[in-house]
Structure formats: C-alpha cells, structure tokens
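Inspection log for the structure reproduced underneath, given as structure tokens.
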Amino acid sequence: MRILHCADTHLGYSAYRKVTAEGVNQREIDIYDAFSQFVDYAVKTKPDLVLHAGDLFDSVRPTNRAITVAIQQILRLSQENIPFIVISGNHETPKLKETGNIFTIFEHLDHVYPIYNNR
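Using our numbering, the first residue of the sequence shown is number 73, and each one after it goes up by one.
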C-alpha cells in the first residue's frame, strides 16, 4: 500500500506585512500554493490514500478563503478516487464541544474521511 502523508499545512496562517496586489497576505498565499503542489503530486502519483495527520487549518475558525482552498484541493483528490484521511490537530480542535468542529464539512465529500471528536 502506498500512503502519501502530510501534516501541519496550517491553511489560513498569515505572517509578516507583505501583501499581494489583491491585498492578501503573501505568506498565506505561499501556504495555499504549497498545499496545491502537494495535491498536484498526489494526483500525479496516485497513492492508495493520502493521510493528513493534523493541523490542516491554522485555527478553530478558519477564514472563508482557507476553507475554500481546502475544499477545492480535497475535491481534486476525491475526483481522482484517492481516499483522503484527515485528522483534526490541536489547531483546529475546539476546546469546547459546543463550538463545533470545522471537520463536519468533510463528512459529505466522497472519499474523504475526517477523524475528529473521537470519531
């Protein structure tokens, strides 16, 4: 079995003051680009599964842009029938259950298997 593994992508993270012409933090864009390149590699090499071992997002409440990028890239894997197992890390796991977990959005995607809240 061939497993492609990654972790700590921290989608939505921004740092420094440099922004793009569109006004988006450059470091945030760099992180999105790196995740896209990882998915490009997965699509090209067709592993038996892709495992993301925590901290897909940088925060419990990721930005709309971070969520959009994640969904777009994960759908690329889904469309290629590549199973994607994503484990909730400490950055996106809420301290209170009442807060909810962003990973619920992944439950409705084909070939995507979120692991969170002891599930």
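Glycine residues also receive a C-beta, built at the ideal position from the N, C-alpha and C atoms.
Just reading off the beta strand (DSSP E) that residue i is part of, what are its end residues?
i	result
Ile-177	Note, Ile-177: premise wrong, no beta strand (DSSP E); not H, not E.
Tyr-185	184-187
Val-115	Segment 98-117 is the alpha helix (DSSP H) holding Val-115; no beta strand (DSSP E) there.
Leu-121	121-124
Leu-83	Where Leu-83 is concerned, there is no enclosing beta strand (DSSP E), given that its DSSP letter is neither H nor E.
Let me make sure I understand the geometry here. Which of the options has the alpha-carbon closest to that of residue i?
i	options	result
Thr-165	Ala-138, Glu-179, Asp-127	Asp-127
Glu-100	Thr-140, Ile-154, Leu-83	Leu-83
Ala-192	Ile-157, Ala-106, Val-115	Because the chain here runs from 73 to 191, residue 192 falls outside it and cannot be looked at.
Ala-106	Ala-93, Pro-186, Gln-145	Gln-145
Asp-102	Ala-138, Ile-154, Thr-176, His-183	Ala-138
On the three-state DSSP scale, how would you describe residue i?
i	result
Val-132	coil
Ile-154	coil
Thinking residue i and residue j are a contact (beta carbons under 8 angstroms), I'd like their distance in whole angstroms, please.
i	j	result
Ser-160	Tyr-188	4 angstroms
Ile-154	Lys-118	7 angstroms
Asp-130	Tyr-88	Contact flag wrong, Cβ pair sits at about 15 angstroms.
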